[in-house]
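Protein chains in written order, with my numbering: chain L, 354 to 514; chain D, 3 to 294; chain Z, 68 to 829.
Each residue gets a CB set at the ideal place from its N, CA and C atoms; glycine is no exception.
All figures in this text were calculated on a predicted structure; none of them were measured in a lab.
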């Protein structure tokens, strides 16, 4: 078996690992880099629990081969809080009780971050459709959407301040 | 002996010729967005020896305007299509079709070529591309050739591409004034499902608002997406009156040859194909400037 | 035991309970630090995988594992032969009793494969690829048998029989032959036949539902290590580490204290993780291999081999007077139990009429085995199915009589003092108040748009108490630990901390809740039955009260006075002794600092078996819009009112309501197990097992009604399960009213709705 040597950047840090060519980015993050915040819910791109951001694009890491990460910029949930300070989305999720079991939360936060990076002023409908790829079985999405809309408002304020 | 996932090789060629060469081997498989291939790999439904990643091939990703039309790199993810203002303006149907595939995450990766060559009868981007009269530029061991999109899929999971051939880019023809398109599909939820039926309609109107050109394609109602000539003809010369819409509906339904499966029955798919063709025609018409 | 309990006239003023602090485990969950079942590793661990039956029903003629053992890297292979045969033994672990023999046979097959996906063998290897190869080399010879998945077919005399030893229980006489009917449940009162005969109006209909899965996002996962000395360690996400311990001990023939189970964070359970699938296999493999074994299910395995809840067929016949008073109710239900007995039809029987005061009824429930995965508890097990049928029937009755659906519920509502259909006399229930809250809502008064319909439905769940242990420890600096043994599946950790903080008088930030392993805290029944805030909360409060008593005694000692002269207020001991007027209050920190000198560590543990859990009632209003050309249904507005007793943390109570509603909507509209002609599941993935996504739902308005349960120190009632009971009928009634056709079969997929529209037009 010949593994592929992959050099990539994860949450701003340069990292290297060996990957079997058929290994997914999800497996590489969890098993090679010990970044277990990204979860496997289905392994087939239908639940979004494995969502990460690659070169600024929201993707399912279970649908990306590990070697494809070569030279790319990968962001995971572990990089969302900066310098010990929670991202406004993380903070709002807590304030709004937008999580119960928390399993879908890392993927949802990544997806919400990607949403607000591309659309700082989403409507409720836009937020719901953007996040449709992130299944949540606990919350019924109500508080999740409220948290996202609230965080959007806060981020807009931070930008204009 | 088929390679297990751990024996798989991964190549990322940077030129079309290199890619064609790599794909010429019997156990080689192209990788575009990966949103179909990885699911199949994991399920053991495909067992390639070599995966040839086409995303780093020059010209594979991107949208450019050329000779009045558009050229779309075959590995371009749907989300990039939506960010190209001129493309959205000219071909909103093609763009919305590509951006209905899967989820936001999937749209960040899934490509037109992958969607087409995976050859699912229900592929969302295909009816819109067929209605748009899009053409594929194919690169292979014997050089380049062109083929209309509807010539690619030959049955579920099968294409007319020879070993070593891959789609390099899609070309959309120049758009006359007062032309637009639309794609609609029916799914049980609001997102995330495979289409139970899909309809792509592309129209061009004359200066009086009458339909001068009409192309209608249906998805998920036959082994491959269908270009339904009679459906397009039903609209010609009119302004989408109830009568022509009725004939459109009938022609659409008559062309359907779907199967019964866990996603839909023959009866339901056929009926919905007619409904969607009508609705997509109305949207395309309004986008083209017609008054309904 | 009957007791008349008074409603407290005024709720005591509270500082922490009822507020909405950030949950203590929140930061870990939003940063990806929280460790779930698959996030844990032990040094030297192997990968464990399972070989599963491809047949829905087959005799296992032989299993040859020799070639599998020869694969390089394979360290262990087990089959049913590696486990002791258990005698039939019923274990009351959660809301439903479990037969340990059946549980053991479900974990790994003995003699017969009873459903597609049934575990036949398991392997452990150093690499996943080696494990896969080993599975491929296990040679199983099957004798394929005819199978049955449909519940009514399974009941017919010509059906293939799953178990030779299964003779229907609950009948007047034991049948001569075995069958697939495990048990008949029955509740009766009065003379239903006569009452139906005499009724002025009768409605009658058959309803059907399909098997649905709990749908938790986290697949089952565990890491297990069998030590050289026979002591075992298990890390797993479950709804009860003590349940895991007990089941593993029984299935493997171990002493319970030889297993320590550490609870991982759990990514959803909803009842589906109140049993074991992987842990006994992982332990058995670890014993053979001499290394820890990690096992993680794929999503496909979760669907093929873990418990959904039953599909069912329910017939309801209601008799009523013209004024809406229901005089007779006859309900007959048949539920799929899956491969082994134990569907929730018993609970369904008990809950089906629980909201109604009816003089004459007969409720019959049939527990039927089928060649499908053994069902597991799913949030108020059985009740949503029964409520779908009964609430649809009541809605039809209302329509027939031209009565407002809210009025007909009012007219027949149970109140304090009513004898419930399932036996006890209701006390301190808030059903009437919840109906009123729904009636007063903006939603109920809002007009409907074109192609829209509004459905009303009510629901009930008992909620349980049960055994719990909790401990409160005061550290030397006065900070507090609350330790309990219930996995946190809905925010209970926060509630435990809040209740302890309230009693101790501390701000919540100074109270740390811990969910401990089985060796570090006394026994607790699993998290289920909406019991944790009630029962474990009760233990927490009592432990905190004991700590307060100790603190008062320590202050009394220091002040050389009696404990009666010491008041605990605002996290301080205050001296009431007039003779000691110079004594300034002692803070908790000050007392904690002197704990050693005044008697030792300040700590208390309470074990109890909580009684007096208050049942919950829900009243739901759902508006849908129907696309008449395609049959698609959108839920456009939803309000769920529920009697919660007292909302300890209102945000998490609302969350329980909203989550249960979402599951119910999915159950009503799109979720279903689809089996092919060979009894194989066709949709074992999230693509075709269609759970609601964010764009499928509107905001869900949770209206919390507080009619306190005086048996709980803060008046709490269980809240987690009631919310899933009404939505099936709320949605179905809405669709029925939108299109003018009674929808009696779930799910209400677009083709079904379109077909109903066609029937109406014809």
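Cβ-heavy atom distance, residue 452 of chain L to the ligand NAP, below 7 Å: In the structure on display, the ligand NAP does not appear, and there are no ligands present to speak of.
If you draw a straight line from the C-alpha of residue 889 of chain Z to the C-alpha of residue 636 of chain Z, how long is it? Outside the shown range of chain Z, which is 68 to 829, sits residue 889 of chain Z, and nothing can be said about it.
Relative to chain L, which residues along the region 270–294 of chain D have a C-beta separation below 7 Å, given in chain order? Answer in chain order: no residues at all.
With residue 367 of chain L as the anchor, note down where its beta strand (DSSP E) starts and where it stops. As a position in the first chain, residue 367 of chain L is number 14, starting the count at 1. Run containing residue 367 of chain L: 366–372, per the beta strand (DSSP E) assignment.
Chain Z contacts from the region 186–200 of chain D (Cβ-Cβ distance under 9 Å): From the region 186–200 of chain D, only 188, 189, 190, 191, 192, 193, 194, 195, 196 and 198 have a Cβ closer than 9 Å to chain Z.
Along the chain, where does the alpha helix (DSSP H) that runs through residue 194 of chain D open and close? Reading the second chain from its first residue, position 192 is the one you call residue 194 of chain D. Element bounds for residue 194 of chain D: n/a, residue is neither H nor E.
Taking the alpha carbon of residue 237 of chain Z as the reference point, which residue from Z/816, Z/370, Z/216 and Z/413 has its own alpha carbon closest? Locating residue 237 of chain Z in the third chain gives position 170, counting from the first residue. Checking every option, the nearest Cα to that of residue 237 of chain Z belongs to Z/413.
Going by C-alpha to C-alpha distance, which of Z/586, Z/509, Z/255 and Z/559 sits closest to residue 329 of chain Z? The count along the third chain starts at 1 and reaches residue 329 of chain Z at position 262. The option with the nearest alpha carbon to residue 329 of chain Z is Z/586.
My assumption, with CB atoms under 8 Å, is that residue 434 of chain Z sits in contact with residue 451 of chain Z. Please give the rounded CB distance. Here residue 434 of chain Z corresponds to residue number 367 of the third chain, with the count starting at 1. Here residue 451 of chain Z corresponds to residue number 384 of the third chain, with the count starting at 1. Actually they are not in contact, since the Cβ atoms of residue 434 of chain Z and residue 451 of chain Z sit about 17 Å apart, beyond 8 Å.
Continuous beta strand (DSSP E) stretch holding residue 362 of chain Z: start and end: Your numbering for residue 362 of chain Z matches position 295 in the third chain. Per DSSP, residue 362 of chain Z belongs to the beta strand (DSSP E) from 360–363.
So, are the CB atoms of residue 401 of chain Z and residue 442 of chain Z less than 8 Å apart? What you label residue 401 of chain Z is simply residue 334 of the third chain in a count that begins at 1. What you label residue 442 of chain Z is simply residue 375 of the third chain in a count that begins at 1. Going by C-beta atoms, residue 401 of chain Z is not nearer than 8 Å to residue 442 of chain Z.
So, is the C-beta of residue 41 of chain D closer than 8 Å to a C-beta in chain L? Against the second chain, residue 41 of chain D aligns to sequence position 39. Closer than 8 Å: yes.
Taking Cβ to Cβ, would you say residue 730 of chain Z is nearer than 8 Å to residue 392 of chain Z? Along the third chain, one-based indexing puts residue 730 of chain Z at 663. Along the third chain, one-based indexing puts residue 392 of chain Z at 325. No, Cβ-Cβ distance for residue 730 of chain Z and residue 392 of chain Z is not below 8 Å.
Does any CB atom of chain L fall closer than 8 Å to the CB of residue 758 of chain Z? Along the third chain, one-based indexing puts residue 758 of chain Z at 691. Closer than 8 Å to some Cβ of chain L, the Cβ of residue 758 of chain Z qualifies, so yes.
Grab me the residues of residue 78 of chain Z's own chain with a C-beta within less than 6 Å of its C-beta, minus the 5 sequence neighbours each way, in chain order. For the purposes of this step, residue 78 of chain Z is taken as the residue at position 11 of the third chain. Note that residue 78 of chain Z has pLDDT 47, beneath the 50 cutoff, so the model's placement of it is unreliable and the number below is only indicative. Counting only Cβ-Cβ distances below 6 Å, and skipping sequence neighbours, we find nothing.
Whole-angstrom Cβ separation of residue 710 of chain Z and residue 500 of chain Z, contact assumed at under 8 Å? As a first step, residue 710 of chain Z must be located in the third chain, where it is residue number 643. As a first step, residue 500 of chain Z must be located in the third chain, where it is residue number 433. That pair is a contact at about 6 Å.
Within the same chain, show all residues whose beta-carbon is closer than 6 Å to that of residue 229 of chain D, passing over the 5 residues directly before and after it, in chain order. Numbered from its first residue, the second chain carries residue 229 of chain D at position 227. Excluding sequence neighbours, residue 229 of chain D sits near 132, 152 and 219.
With 16 as the cutoff for other CB atoms within 10 Å, does residue 667 of chain Z come out buried or exposed? For the purposes of this step, residue 667 of chain Z is taken as the residue at position 600 of the third chain. The residue is exposed, with fewer than 16 neighbouring Cβ atoms inside 10 Å.
Relative to chain D, which residues along the region 409–424 of chain L have a C-beta separation below 8 Å, given in chain order? 410, 411, 412, 413, 415, 416, 417, 418, 420, 421 and 423
Let me know the secondary structure DSSP gives residue 132 of chain D once reduced to three states. Mapped onto the second chain, residue 132 of chain D falls at position 130. The answer is helix: DSSP assigns residue 132 of chain D an H, G or I state.
Let me check understanding here. Comparing Cα to Cα, which of Z/510, Z/110, Z/484 and Z/511 lies closest to residue 498 of chain Z? Walking along the third chain from the start, residue 498 of chain Z turns up at place 431. Of the listed residues, the one whose Cα sits closest to residue 498 of chain Z is Z/484.
Where the region 452–475 of chain L meets chain D: residues whose CB sits under 7 Å from a CB there: 464
Contact the region 40–51 of chain D vs the region 60–74 of chain D: 3+ CB pairs below 8 Å: no
Which full runs of the alpha helix (DSSP H) of 4+ residues lie inside the region 69–137 of chain D, going along the chain? If we require 4 residues or more, the alpha helix (DSSP H) runs fully inside the region 69–137 of chain D come out as 80–84, 87–92, 94–100, 106–109, 114–119 and 127–133.
Between residue 150 of chain D and the rest of its own chain, which residues show a CB-CB distance below 6 Å, the 5 nearest in sequence each way excluded? Position 148 of the second chain holds residue 150 of chain D. Excluding residues within five positions, the ones whose Cβ falls inside 6 Å are 137.
What ranges does the beta strand (DSSP E) occupy inside the region 144–189 of chain D, keeping only unbroken runs of at least 3 residues that lie completely in it? 145–150, 155–157, 168–174 and 181–188
Do you know offhand how far residue 432 of chain L's Cα is from residue 364 of chain L's? Locating residue 432 of chain L in the first chain gives position 79, counting from the first residue. Locating residue 364 of chain L in the first chain gives position 11, counting from the first residue. Distance between the alpha carbons of residue 432 of chain L and residue 364 of chain L: 5 Å.
Which one of Z/748, Z/354, Z/350 and Z/827 has the shortest CA to CA distance from residue 315 of chain Z? By 1-based counting over the third chain, the position of residue 315 of chain Z is 248. Looking at the Cα atoms, Z/350 is the closest of the given residues.
Quick check on residue 149 of chain Z: does DSSP put it in helix, strand or coil? The residue given as residue 149 of chain Z occupies position 82 in the third chain. Correct three-state label for residue 149 of chain Z: helix.
Helix, strand or coil for residue 446 of chain Z? Go by DSSP, reduced to three states. Taking the first residue of the third chain as position 1, residue 446 of chain Z is located at position 379. Residue 446 of chain Z falls in the coil class under three-state DSSP.
I want to verify the contact list: residues of chain D whose CB lies under 7 Å from the CB of residue 396 of chain L, in sequence order. By one-based count along the first chain, residue 396 of chain L stands at place 43. Per Cβ cutoff of 7 Å: 44.
Does the Cβ-Cβ distance between residue 192 of chain Z and residue 301 of chain Z come in under 8 Å? Residue numbering aside, residue 192 of chain Z sits at position 125 when the third chain is read from its first letter. Residue numbering aside, residue 301 of chain Z sits at position 234 when the third chain is read from its first letter. No, the Cβ-Cβ distance between residue 192 of chain Z and residue 301 of chain Z is not below 8 Å.
Taking the straight line between their C-alpha atoms, what separation do you get for residue 700 of chain Z and residue 459 of chain L? By 1-based counting over the third chain, the position of residue 700 of chain Z is 633. By 1-based counting over the first chain, the position of residue 459 of chain L is 106. Whole-angstrom Cα-Cα distance: 31 Å.
Interface residues of chain Z facing residue 267 of chain D [CB-CB closer than 9 Å]: Walking along the second chain from the start, residue 267 of chain D turns up at place 265. Result: 818.
The region 468–499 of chain Z: positions lying closer than 9 Å to chain L by Cβ: none
For residue 288 of chain Z: DSSP bridge partner residues: Residue 288 of chain Z sits at position 221 when you count from the first residue of the third chain. Looking at the DSSP assignment, residue 288 of chain Z forms a beta bridge with Z/363.
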